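**Student:** Residue numbers (my numbering): 279 to 505.
Ideal Cβ placement from N, Cα and C applies to all residues, glycine included.
Fair warning: this is a prediction, and the values are worked out from it, not measured in the lab.
For reference, the structure I am asking about is given below.
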């Protein structure tokens, strides 16, 4: 009688690997939450965890990432940057078959922003703009226009916001930082697409994003929108 090797171990191996991966993800997420909870007070923030349900968004526009996707909020912490209210949080959403998690900083105050989305300009943005011409460019600041793709359903309001001084400031940000900036109502969101911030880098992330936010909120184009 011929004996055949058992196929059971080959069947169980993928299942075991899947279970190990799930356990590792759970433990890793738990550790991240614990480390962020410890890091939040170091920048003067209060850690709220999963109790925060997201910012109040302007329902008239879908410019903001949070309005274009359906996702979940985690590891939220609240604080301030000068006169600005500030919230830092992880946001997870589905994109096709992939799951994307990234850390966002949200700054808010009373002024209403024109809705816009700014990101580092890539080759597909250039090709798309050559066809549909949706990118807002500034002849006075070609460096800005080469580096960033800026889109908005309110081009006139966005052009008023991006004054010469704000455009020059954006040109001076190191190109490798790859910031995305979006608005919704009184909220300004700053993040790097697809990237989370480690607890060790939380202070640097807050310092950089709050500097950008303060500059944008102090723009004459926002304080004097029809000036």
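Starting from residue 362, follow the beta strand (DSSP E) in both directions and report where the run begins and ends.
**Tutor:** Here residue 362 is taken as the residue at index 84 of the chain shown, counted from 1. Run containing residue 362: 362–373, per the beta strand (DSSP E) assignment.
**Student:** Alpha carbon to alpha carbon, what distance is there between residue 468 and residue 383?
**Tutor:** Position 105 of the chain shown holds residue 383. Position 190 of the chain shown holds residue 468. Their Cα atoms are separated by approximately 5 Å.
**Student:** If you scan the stretch 430–500 from start to end, which runs of the alpha helix (DSSP H) of 4 or more residues do you find wholly inside it?
**Tutor:** The stretch 430–500 contains these whole alpha helix (DSSP H) runs: 433–439, 442–450 and 480–495.
**Student:** Using the Cα positions of residue 501 and residue 395, report the straight-line distance between them to the nearest angstrom.
**Tutor:** For the purposes of this step, residue 501 is taken as the residue at position 223 of the chain shown. For the purposes of this step, residue 395 is taken as the residue at position 117 of the chain shown. Cα-Cα distance, rounded: 19 Å.
**Student:** Quick check on the DSSP output: what are the complete beta strand (DSSP E) runs of length 3 or more inside the stretch 332–356, in order along the chain?
**Tutor:** Listed in chain order, nothing qualifies, since the stretch 332–356 has no complete beta strand (DSSP E) run of 3 or more residues.
**Student:** Under 8 Å between the Cβ atoms of residue 480 and residue 317?
**Tutor:** The residue given as residue 480 occupies position 202 in the chain shown. The residue given as residue 317 occupies position 39 in the chain shown. Yes, these two residues count as a Cβ contact at 8 Å.
**Student:** Tell me which residues share the same chain as residue 388 and place their Cβ nearer than 8 Å to its Cβ, disregarding the 5 neighbours each side in the sequence.
**Tutor:** Residue 388 sits at position 110 when you count from the first residue of the chain shown. Here the set comprises 464.
**Student:** Find out if the Cβ-Cβ distance for the pair residue 335, residue 462 is shorter than 8 Å.
**Tutor:** Translated into positions along the chain shown, residue 335 becomes position 57. Translated into positions along the chain shown, residue 462 becomes position 184. A contact, by the Cβ cut-off of 8 Å.
**Student:** Taking the alpha-carbon positions, what's the residue 474 to residue 444 distance?
**Tutor:** Taking the chain shown and counting its residues from 1, one reaches residue 474 at position 196. Taking the chain shown and counting its residues from 1, one reaches residue 444 at position 166. Taking the straight line from one Cα to the other gives about 27 Å.
**Student:** Alpha carbon to alpha carbon, what distance is there between residue 321 and residue 482?
**Tutor:** As a position in the chain shown, residue 482 is number 204, starting the count at 1. As a position in the chain shown, residue 321 is number 43, starting the count at 1. The alpha-carbon atoms of residue 482 and residue 321 are separated by roughly 10 Å.
**Student:** Could you say if the stretch 446–463 and the stretch 357–377 meet the contact criterion of at least three C-beta pairs nearer than 8 Å?
**Tutor:** No, they do not touch.
**Student:** Have a look at residue 385 and residue 370 and give me their C-alpha separation to the nearest angstrom.
**Tutor:** Locating residue 385 in the chain shown gives position 107, counting from the first residue. Locating residue 370 in the chain shown gives position 92, counting from the first residue. Roughly 19 Å between the two C-alpha positions.
**Student:** Please classify residue 421: does DSSP put it in a helix, a strand, or coil?
**Tutor:** Position 143 of the chain shown, counted from the first residue, corresponds to residue 421. Correct three-state label for residue 421: helix.
**Student:** Just verifying my parser: in three-state terms, what is the DSSP assignment at residue 320?
**Tutor:** As a position in the chain shown, residue 320 is number 42, starting the count at 1. Helix, per DSSP.
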